[in-house]
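Presented below is the structure to which this report refers.
Chains as they are written, first to last, in this note's numbering: chain A, 1 to 291; chain B, 1 to 572.
Quick look at the structure:
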């Protein structure tokens, strides 16, 4: 497709954080095409289920290839695409429910493999599309339709999880700053390995955290989001862990392993040393000579 | 069964006592002088120990099944004797390990001290050769066959080759001499006319993998599970080269989604699994059907449900193979019945997936995966590497506009679209419009008509009552069919490995029959039930003990079922 589908009638709610994430992805993709000279058809965006899943249908401008798959399986699908076609640029768009709840089992293996993928996780702390149930990042004690007496579980710290698992690129963004977010995403695309860009993308209907994140002077609300200090050493995993364990939510690039080697490269190097075996060679190896 | 043509020996004991090695050695030495062989083994799901048995059938004509009436049983312990002695035919012989237990003289058994005799040669691992020597005596087999085998097997370019060969040959002689002190004999295998065609010695899983390689498989992602693991290992070792990708996933959910990604990205992609893994793949398979992504799932059936019987055989996954996912979906199913057919199935499954742009189920089973057989060398060069129709036009393509198959855009090329697990409009974007769901549902099913090139076997087509086995039950059923025919009891014979969609012409023939008897290894009679839903008067003949059918059983049960259903119309 050269343009977005004019008949597509799904829309995010007015003010939804996902609009900002979409702009950031469009910027990042354009920057990627400008710097690499690749056509848009060389990019595949893999989305899961939830409000975030509509990203593939709602991207404006030149249209990449897209997948709107089943719930929670963006990582294995993207892994299969990249394994089969290392020449493609593969982006993931997933929500906190899709990525951190039903899809959580895929994060650790993908981090260990360090496949050259970029995942953009749109975190609104709630299941939006199914109307407001609690998610892994919903705060303790919050009342939702599925936590009518308050949520009994502590909320997950996704950034801490990614760093602990050993991810080689961990960034934290916010949907209200699409230009900054775009550069974090573009940085992820350039990173040789699995890049995780976790985005605060509030839900205006069921978990409106805009004021909490950015603060509101008139209402006397202090912002919980803060910028990663300029002097933070992004190659220092321990320092990054300290940042994500402090109060509030640091925004910016937290960690990038300067020695990261993508699985794609290791794989092709290993295979380059192996002899290509044809089906005929293999069949011949089972040949049985009657004496 | 056929004492003049066949010789069936079973080695039974504790895992780790070398049962499989003994059977393989006997099989290979027989195959090397030109006999047809088939081995089968079954063992518990543990690394060492537990009751294990391995069997070899040696014949002067092609072998149809592993056989159920033993000419000889080698019992390494009391439990093995108690379990298997009843399978020995009248006139058969039991050799037991008299270091482990003693039997009173029953006129058909004799004891030998396998380990002691083996160790006396200076090679502690020669006990198996003692056994093989004894067997050679029983069938009056030239010991040279076994000696030659030992020389070939142990000539490995190591300094102690000579020594090991000498010890093993000595062990063969000790076994032979030991057996010669008894009066037991099993008759003689007729001399063989050496086959003039090329042969390979492979098992079912190797044949599937070789077929897939011949058809140009590009990507394989799998997760270890009995009895499918050997396909994953084969691919890890052999699917090398540019633009190929093979990987061990972290679960079957990963496997299916990864190969869906690879299939979407333009590659011939495949996975292998067994029942529990197939259950986990359910949603991903439905997605591939919905998105119209080519891929192949090889399900090597074991006993179920749940963890079930990981290392036993069963044919109880037909229904889940046909309908692996929720919603309206019916997968193409290819179920090979022999090792040769496993090769063909591996190739055709991949080509079918490409042709109709969707998931294809290759349904094999434990008894085939563990069956080694010398077969005429499959024709690798004759396999077509069929590829999907690729869209090469301009951008602005409507991938899902047609009412049937349409060329598929590949990432990196023109025609970008969204592959959508939700119901979708012509561009692939989500829609819930009633007319689109009707349109797309019909489109997805219409493509099955492209897979009408399956073949089938038919014999004695004038008979109103016919036998139609599927999968690995083909062998025992075919043997029973031939034996019954030799006795003058006639049934028609129908067989295909293309279970869905059925080959053109087969269904209309079956519908004309008074009774289609379907021997199948499950409780529900799954395939017979499917045939009935298509208007065939089919009745299942079931068995669900984790073992293959016995020919002798079928020879009783088939005529019984026929006379029961047909009111005594079957005459001997």
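Note that beta-carbon positions come from the ideal geometry of N, C-alpha and C, so glycine has one too.
Using a CB distance below 9 Å, the part of the stretch 66-98 of chain A facing chain B consists of 66, 67, 68, 69, 70, 71, 72, 73, 74, 75, 76, 77, 78, 79, 80, 81, 82, 83, 84, 85, 86, 87, 88 and 90, ordered along the chain.
For residue 48 of chain B, no alpha helix (DSSP H) encloses it, and the DSSP letter there is neither H nor E.
At least 8 Å separates the CB of residue 442 of chain B from every CB of chain A.
For residue 231 of chain B, the uninterrupted alpha helix (DSSP H) segment begins and ends at 229-238. Under the DSSP assignment, residue 280 of chain B falls in the alpha helix (DSSP H) whose first and last residues are 275-291.
By the CB criterion at 8 Å, residue 202 of chain A and residue 210 of chain A fall inside the cutoff. Pairwise C-beta distances place the stretch 420-428 of chain B out of contact with the stretch 462-471 of chain B, as fewer than three of them are shorter than 8 Å. By the CB criterion at 8 Å, residue 139 of chain B and residue 70 of chain B fall outside the cutoff. When Cβ-Cβ separations below 8 Å define contact, residue 261 of chain A makes no contact with chain B. DSSP places residue 536 of chain B outside both helix and strand once states are collapsed to three, so it counts as coil. Rounded to whole angstroms, the Cβ separation of residue 121 of chain A and residue 198 of chain A is 5 Å, and the two are in contact under 8 Å. At a cut-off of 8 Å between beta carbons, residue 69 of chain B makes no contact with chain A. When only Cα atoms are considered, residue 128 of chain B and residue 145 of chain B end up about 15 Å apart. Within the stretch 500-526 of chain B, the complete beta strand (DSSP E) segments at least 3 residues long are 515-520, listed from N- to C-terminus. In the DSSP secondary-structure assignment, residue 67 of chain A is bridged to A:46 and B:419.
8 Å or more divides the Cβ of residue 80 of chain A from the Cβ of residue 380 of chain B. Leaving aside the five residues that flank residue 259 of chain B on each side, the residues in its chain whose CB is nearer than 7 Å to its CB run, in chain order, 219, 221, 269, 270, 271 and 295. Cα atoms of residue 286 of chain A and residue 11 of chain B: separation of roughly 25 Å, rounded to the nearest angstrom.
At the C-beta level, residue 336 of chain B and residue 369 of chain B stay beyond 8 Å of one another. Shortest Cα-Cα distance from residue 283 of chain A to any of B:291, B:317 and B:213 involves B:213.
Residues of chain B whose Cβ lies closer than 9 Å to the Cβ of residue 8 of chain A are, in chain order, 425, 427, 429, 430 and 431. Straight-line measurement puts the Cα of residue 240 of chain A at about 33 Å from the Cα of residue 12 of chain A.
For residue 63 of chain A, the chain B residues whose Cβ falls inside 7 Å of its Cβ are 416, in order along the chain. With the criterion set as a beta carbon lying under 9 Å from some beta carbon of chain B, the stretch 167-201 of chain A has no members that meet it. Within the same chain, 38 and 339 come within 6 Å of residue 373 of chain B by CB-CB distance, once the 5 residues on both sides are set aside. DSSP lists B:10 and B:40 as the bridge partner or partners of residue 55 of chain B. For residue 57 of chain A, the enclosing alpha helix (DSSP H) has its first and last residue at 55-58. Contact of residue 271 of chain A with chain B is assigned, a C-beta pair being separated by under 8 Å.
Short of 8 Å from the beta carbon of residue 260 of chain A, and not among the five residues preceding or following it, lie these beta carbons of its own chain, in chain order: 114, 168, 169, 191, 192 and 193. Between residue 274 of chain B and residue 301 of chain B the beta-carbon gap is near 7 Å, inside 8 Å, which marks them as a contact. Between residue 129 of chain A and residue 21 of chain A, the gap from beta carbon to beta carbon reaches 8 Å or more. Taking CB atoms only, residue 240 of chain B has a neighbour in chain A less than 8 Å away. In the three-state DSSP reduction, residue 225 of chain A falls in the strand class (E or B). Residue ranges of uninterrupted beta strand (DSSP E) with 3 or more members, entirely inside the stretch 68-117 of chain A and ordered along the chain, are 89-95.
Contact annotation: residue 89 of chain A and residue 8 of chain A have beta-carbon atoms that are not nearer than 8 Å.
Assigned with DSSP and collapsed to three states, residue 197 of chain B falls in coil, not helix or strand.
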